[in-house]
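Enquirer: First, the structure itself, so that you have it in front of you.
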Amino acid sequence: MFGGDAELLSMKQTLTEILLDALSRAKEKGELKLAQQPAVTLETPKTKGHGDLATTLALTLAKPEAQAPRRIAEIIVANIQDRGSVIEKTEIAGPGFINFFLTQDRWKQTLFEIDAEGFQYGLLNLGKGERVLLEYVSANPTGPLHVGHGRGAAVGDALANLLAAVGYDVVREFYINDAGRQIKLLARSIHARYQQALGNEAPFPEDGYHGAYIEEIARGLIRADGEHYVRVPFEQCEARFAAFGREAMLAEIRADLEAFGVRFDHWFSEASLLDGGAVQQSIDELKQRGFAYEHDGALWLKSTAFGDDKDRVVVKQDGTYTYLATDIAYHRNKLGRGFATLVNIWGADHHGYIPRVQAVIQAFGHPKDSLHVLLVQLVTLMRHGQPVPMSKRAGDFVTLRDVMDDVGRDAARYIFLTRRSDSHLDFDLDVAKEQSRENPVYYVQYAHARLSSIFREAETRGIAVPASAEVDLALLDTEEEQNIIKSLARYPEMIEEAALAYEPHRITFYLQDLAGLLHNYYFKHRIIADDRARTMARLFLMKQVKTVIRGALGILGVNAPEKM
RNA sequence: GCGCCCGUAGCUCAGCUGGAUAGAGCGUCGGACUUCGAAUCCGCAGGCCGCAGGUUCGAAUCCUGCCGGGCGCACCA
35 MFGGDAELLS
45 MKQTLTEILL
55 DALSRAKEKG
65 ELKLAQQPAV
75 TLETPKTKGH
85 GDLATTLALT
95 LAKPEAQAPR
105 RIAEIIVANI
115 QDRGSVIEKT
125 EIAGPGFINF
135 FLTQDRWKQT
145 LFEIDAEGFQ
155 YGLLNLGKGE
165 RVLLEYVSAN
175 PTGPLHVGHG
185 RGAAVGDALA
195 NLLAAVGYDV
205 VREFYINDAG
215 RQIKLLARSI
225 HARYQQALGN
235 EAPFPEDGYH
245 GAYIEEIARG
255 LIRADGEHYV
265 RVPFEQCEAR
275 FAAFGREAML
285 AEIRADLEAF
295 GVRFDHWFSE
305 ASLLDGGAVQ
315 QSIDELKQRG
325 FAYEHDGALW
335 LKSTAFGDDK
345 DRVVVKQDGT
355 YTYLATDIAY
365 HRNKLGRGFA
375 TLVNIWGADH
385 HGYIPRVQAV
395 IQAFGHPKDS
405 LHVLLVQLVT
415 LMRHGQPVPM
425 SKRAGDFVTL
435 RDVMDDVGRD
445 AARYIFLTRR
455 SDSHLDFDLD
465 VAKEQSRENP
475 VYYVQYAHAR
485 LSSIFREAET
495 RGIAVPASAE
505 VDLALLDTEE
515 EQNIIKSLAR
525 YPEMIEEAAL
535 AYEPHRITFY
545 LQDLAGLLHN
555 YYFKHRIIAD
565 DRARTMARLF
575 LMKQVKTVIR
585 GALGILGVNA
595 PEKM
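In terms of this note's numbering, the first sequence is numbered consecutively and its last residue is 598.
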């Protein structure tokens, strides 16, 4: 299932072993003391002249060994035994860097690897099947999804795909905030519109939801239940209005997400925690564990025991629960389902909430870092160079659906992933529609479509995509081809790093780079050329590029079109 | 006032958990379509990495203090 380690070590792994081997040999000979086993790190140098991979091992050893770093580098290099003959040459540079230049053969094995593994190439088994719960979007069912939710959905979905790609067992969950004041307000708003639609004067609630969608829901209720509630006081039909509004909104949210290509494994209702008694049970357990206490007629969570600024109220003086109460129950529920890691994707305006939820996690006896909160910053929509004004109170805001209709699903998803999630995003609607280099999604998709087109052309000329056995990779000798091969070889480590850092945006940057190399290559060289053997080698290379682009786009949830 | 995040090219942003000469796109200017898709490519220019200290062989990256911006600081959700 997972490629990589079984048949072929990555270049990094291979070199790491060679280095460890050299170190132990130096130690045996007494050339190095190595009181402590140093961490062997390898990185890809920025400058080409510095080799394919480089280590700072000698620099970090300088102090403990009390020797000049260059001297240590010489010792290490002298002790290297390159059994697999992957090293073309080794250089000691600068203060003591050891630079490795790898053999052509070793690079080109990458192509065979991709050919053999297909979309499995680059996938790892870091997670080893460990279960991760990823919670995202989690919008109140009181209005349609807006652009900020869209970003959360895109980031969450891509991260879920990414974690799954590195071997985690990921469950995607949407927490429905269907308890408390907001739902009541929704019901009130619908109630007012309902009365108005039937010709009754009805005051609209102070902080009610003003959007036109409320009127639609009211009309829907008239269709469903008729004029049954005319002049019926709100209190007597609240339950019906709340339930109807909740269902209507959820249906719309679900449909929007579906259209956006985002699906959840579970929809978890906040109200169910209250109805089922889970909240009370959670509070009881906190009391038993000594992390809840009564004071001033309220019940407090002792979150300061885990580094929060102050303790937090869980049950108010009037006996009702705070929002934290259901969140305590919710996170207890998550932990109880056996997830080792919880990931929550929140709007950045909730960041102040992190310490107390981490306190909750710890109060239930789990390590702080079993909860990972990813903050997603706000999105500013730009049109004609100006920010699009949005006022939620007036019900006047651009919805995710609007953006999808305007720029398309792929462009929206991709652009949401072109920034680190915690950095502010200006989403330029004009650019997102543009079919040019400026629009990153087209740039990458175009690379894929262009490759597809080449294969169609090859087919019409009667040239089949060659099997690995029939290509001579020595013919891939141009600089552009080398660059592409090295980029493809870097794909697995990029995936690994992106997954470990919970940063799916790294994939978009990688794709921009790879697509750029491809476009550049395409312009300088003909893939289908007169030389048959060279054509075969190049087609083989192009096939692997196509595989990687498609696989990476797949993780992002963006289509890889054959034609555009 | 306290806490979190952010200050990198004119603009929008990367910078891989401390590495070598700080990168990309856009924008400006100039160039490339009889040949596999020009939704593309090539070139030029552009920088006290907010400021000042500190940690060390080495700092855009880590620490401290300022300055500037955003967001939080409820017995709201």
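Ideal placement from N, C-alpha and C gives every residue a C-beta, glycine not left out.
1) Counting C-beta neighbours from all protein chains within 10 Å, is the total for G38 16 or more, i.e. buried, or is it exposed?
2) Could you give the first and the last residue of the continuous beta strand (DSSP E) run that contains T414?
3) Does T48 pass the burial test, meaning 16 or more other C-beta atoms within 10 Å, or should it be called exposed?
4) Expressed to the nearest angstrom, what Euclidean distance is found between the alpha-carbon atoms of E77 and A88?
5) Just how far apart, CA to CA, sit E41 and V465?
6) Reducing DSSP to helix, strand and coil, say where A40 ends up.
7) Does the contact criterion of 3 or more C-beta pairs under 8 Å hold for the region 309-317 versus the region 253-263?
8) Note down the Cα distance separating A96 from L587, rounded to an integer number of angstroms.
9) Taking DSSP as the reference, what is the three-state secondary structure of D356?
10) Could you pull out every residue in the same chain whose Cβ sits closer than 8 Å to the Cβ of L603, ignoring the five residues on either side in sequence?
11) Quick check: what's the CA-CA separation for Y355 versus H458?
12) The alpha helix (DSSP H) spanning Y544 covers which residue range?
13) Out of R274, A393, D309, Q270, which one is the CA nearest neighbour of R323?
14) Hey, how far is the Cα of V204 from the Cα of N195?
15) Taking the beta carbon of D290 as the centre, do at least 16 other beta carbons fall within 10 Å, making it buried, or is it exposed?
16) What residue range does the beta strand (DSSP E) around K408 cover?
17) Ordered along the chain, which non-local residues of its own chain (more than five positions away) have a Cβ less than 8 Å from that of K350?
18) Among S337, P98, T124, which residue has its Cα nearest to the Cα of I395?
19) So, helix, strand or coil for A127, using DSSP?
20) Figure out for me which residue from G190, I518, H365 has the closest Cα to the Cα of G591.
21) Would DSSP call V348 helix, strand or coil?
22) Determine the closest residue to L409 out of Q270, D383, H400, D352, with distance taken between C-alpha atoms.
23) The alpha helix (DSSP H) with F278 in it runs from where to where?
24) Mind listing, in chain order, the continuous alpha helix (DSSP H) runs of no fewer than 4 residues lying wholly within the region 63-126?
25) Tell me, please, whether the region 548-558 touches the region 219-230 by the rule of three or more beta-carbon pairs shorter than 8 Å.
26) Just how far apart, CA to CA, sit E151 and A127?
27) Going by beta carbon distance, what residues of the same chain come within less than 6 Å of L53, once the five residues before and after it are set aside?
28) With a threshold of 16 other CB atoms inside 10 Å of the CB of T581, please say whether the residue is buried or exposed.
29) Provide the residue(s) that pair with N378 in DSSP beta bridges, ordered along the chain.
30) For V475, count the other beta carbons within 10 Å of its own beta carbon; 16 or more makes it buried, fewer makes it exposed. Which is it?
Expert: Well, looking at it:
1) Sequence index remark: in the first sequence, residue 38 carries index 4 (1-based). In this prediction, G38 scores a pLDDT of 38, lower than 50, which makes its location untrustworthy; the coordinate-derived value is nonetheless stated afterwards. Buried: at least 16 other Cβ atoms inside 10 Å.
2) By one-based count along the first sequence, residue 414 stands at place 380. Taken as a continuous stretch (DSSP letters only), the beta strand (DSSP E) holding T414 covers 413-417.
3) Residue mapping note: residue 48 aligns to position 14 of the first sequence, counting from 1. Buried: at least 16 other Cβ atoms inside 10 Å.
4) Against the first sequence, residue 77 aligns to sequence position 43. Against the first sequence, residue 88 aligns to sequence position 54. When rounded, the distance between both Cα atoms is 5 Å.
5) The sequence position of residue 41 within the first sequence is 7, counting from 1. The sequence position of residue 465 within the first sequence is 431, counting from 1. Because E41 sits at a pLDDT of 39, beneath the cut-off of 50, its placement in the model cannot be relied upon, and the following sentence gives the value as read from the coordinates. Cα to Cα, the separation comes out at about 44 Å.
6) Looking up residue 40 in the first sequence gives position 6. The predicted model places A40 with a pLDDT of 35, which falls under 50 and marks its position as unreliable; any figure quoted below should be read in that light. Note: A40 maps to coil in three-state DSSP.
7) As far as the Cβ criterion goes, the region 309-317 does not touch the region 253-263, which means the pair count is below three.
8) Within the first sequence, the letter at position 62 stands for residue 96. Within the first sequence, the letter at position 553 stands for residue 587. Approximately 44 Å between the Cα atoms of the pair.
9) Locating residue 356 in the first sequence gives position 322, where the first residue counts as 1. Position check: residue 356 holds Thr in this sequence, whereas Asp was assumed. In the three-state DSSP reduction, T356 falls in the coil class, being neither helix nor strand.
10) Any property of residue 603 remains undetermined from this structure, which presents the chain solely from 35 to 598.
11) Taking the first sequence and counting its residues from 1, the one referred to as residue 355 is at position 321. Taking the first sequence and counting its residues from 1, the one referred to as residue 458 is at position 424. So the alpha carbons of these two residues sit roughly 33 Å apart.
12) One-based indexing of the first sequence puts residue 544 at position 510. First-last of the alpha helix (DSSP H) with Y544: 539-558.
13) Locating residue 323 in the first sequence gives position 289, counting from the first residue. It is A393.
14) For the purposes of this step, residue 204 is taken as residue 170 along the first sequence, with counting starting at 1. For the purposes of this step, residue 195 is taken as residue 161 along the first sequence, with counting starting at 1. The straight-line gap from Cα to Cα measures roughly 8 Å.
15) On the first sequence, position 256 is the one that residue 290 refers to. It counts as buried.
16) To locate residue 408, count along the first sequence from 1; it is residue 374. Strictly speaking, residue 408 in this sequence is Leu, with Lys absent from that position. 405-410 is the span of the beta strand (DSSP E), which, as asked, contains L408.
17) Indexing the first sequence from 1 puts residue 350 at position 316. These residues qualify, in order along the chain: A332, T356.
18) Translated into positions along the first sequence, residue 395 becomes position 361. Ranking S337, P98, T124 by Cα distance to I395 puts S337 first.
19) Within the first sequence, numbered from 1, the residue matching residue 127 stands at position 93. Looking at A127 - three-state DSSP - the assignment turns out to be strand.
20) Position 557 of the first sequence, counted from the first residue, corresponds to residue 591. Checked all of G190, I518, H365; the closest Cα to G591 is G190.
21) For this step, residue 348 is matched to residue 314 along the first sequence. V348: strand per DSSP, three-state reduction.
22) Taking the first sequence and counting its residues from 1, one reaches residue 409 at position 375. The residue with the shortest Cα to Cα distance from L409 is D383.
23) For the purposes of this step, residue 278 is taken as the residue at position 244 of the first sequence. Where F278 is concerned, the enclosing alpha helix (DSSP H) stretches over 268-293.
24) 91-99, 103-112
25) For the pair of segments examined, the region 548-558 was found not to touch the region 219-230: the number of CB pairs separated by less than 8 Å stays below three.
26) Along the first sequence, one-based indexing puts residue 151 at 117. Along the first sequence, one-based indexing puts residue 127 at 93. When rounded, the distance between both Cα atoms is 37 Å.
27) Within the first sequence, residue 53 is the residue found at index 19, counting from 1. Contacts found: V74.
28) Locating residue 581 in the first sequence gives position 547, where the first residue counts as 1. It counts as buried.
29) Position 344 of the first sequence holds residue 378. Answer is E169, V407.
30) In the first sequence, residue 475 corresponds to position 441, counting from 1. Under this definition V475 is a buried residue.
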